[in-house]
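This report refers to the structure that appears directly beneath it.
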Amino acid sequence: MIGATDRLTGRLQALSLRQLRGFATVARLGSFSRAATDLSVTQPALSALIRQMEGRLEMPLFDRTTHMVALSEAGRAILPHVERLLATANHVFVDMRAALANERPAIRIGVMPSAMAMVARAVAALDCEATAPFVQLSDGRSDELLRGLGEGRLDMIVSAAPTSDPRFESQLLVEDDLLLVASSQHSLAHGDIQPWLALAGLEIVHFAGGSIGELAAAALLPHGLVASQRYRVDQVESLYGLARSGLAVGILPRLYTQSIEHQHGIRLIRLGDPVVTRRIMLLHHRQLAKEHPFAAGYGMQLQKHLASQAGSPA
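Convert by adding 7 to the 1-based position in the sequence shown; the result is the number in this note's numbering.
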């Protein structure tokens, strides 16, 4: 005997991409007439399409009034999944066209800004291979990247933000250690590594918010150190300016400092006892190997390449 869950699964699998696109467009525009124009169909045809979809699911997807159209509870529940399915389908069609035209398959990777230089170097190195895919890189905040991954707009992301989302799995790419940023004339600038306790009595600046601010504050706390109340920064250039002037010393992850290592007036010093790191992860959907095997294989190549470079100077 077929259970209710199995029957619902069967009805969902019977929905067409045309119906799903119609539903998502009405939800996005909040109007059947505007959605019909956007989809280049007549309004009666679109209304019939949605009614067919609702009839198949045996539940309303929109609450309709004379003046407005709003998603029903069921509509709100399935919308993010429909958007992800449509995004995945669009990418699959692009990949199918590339395969038929003997073009390289596309892989879409979102990267947090501080890791972009590292990832771009790796992509450039891997791009030399004859079978390399067509890699598209875009940056964004961690929450934006996670949303893009969840909605299917990205195949994988590089992020330091932890997530407990059961849809995703992750692999470690690199450990990114915290460094001291100081004026080249500062007394601490003459060693290769300094203990955290050496910062006692100094004005210390780090980002006030976000995961980096939380990591730096947690690293300072066991040593009785706190961030400066006199100098507060949320931008990298501001931190560099304070450090270069000698008014304060800064704390940044190594990946943030790659653009300043050779700048005049600034020295980067490793912080130890203990070394504090953040984990840079590669995240993707658990079903990536089935949904996009080229991307899954490329993710493994990217991970191996970055692991081989981990011991190199930043």
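Heads up, the beta-carbon is just placed ideally off N, CA and C, and yes, glycines get one too.
{"Query": "Inter-residue Cα distance where the pair is L206 and A113", "Result": "47 Å"}
{"Query": "Sequence-distant residues of the same chain with beta carbon closer than 6 Å to L322, five excluded per side", "Result": "What the structure shows of the chain is the stretch from 8 to 321, and residue 322 is not part of that stretch, so it cannot be assessed."}
{"Query": "Q192 versus D280 - alpha carbon distance", "Result": "23 Å"}
{"Query": "At least 3 beta-carbon pairs within less than 8 Å: the stretch 162-173 vs the stretch 233-245", "Result": "no"}
{"Query": "Backbone secondary structure at P202 - three-state DSSP", "Result": "strand"}
{"Query": "Burial state of L295, where buried means 16 or more other Cβ atoms lie within 10 Å", "Result": "buried"}
{"Query": "For V76, the nearest candidate out of A108, S145, L36 and A225 (CA to CA)", "Result": "L36"}
{"Query": "Endpoints, alpha helix (DSSP H) assigned at G279", "Result": "Run containing G279: none in the alpha helix (DSSP H); it sits in the beta strand (DSSP E), I273 to G279."}
{"Query": "Beta-bridge pairing of H292 - partner residues as DSSP gives them", "Result": "F175"}
{"Query": "Where the alpha helix (DSSP H) containing R63 begins and where it ends", "Result": "Q50 to L64"}
{"Query": "Start and end residues, alpha helix (DSSP H) containing S149", "Result": "S149 to G157"}
{"Query": "Backbone secondary structure at D162 - three-state DSSP", "Result": "coil"}
{"Query": "Through-space distance from R63 to L259, alpha-carbon basis", "Result": "55 Å"}
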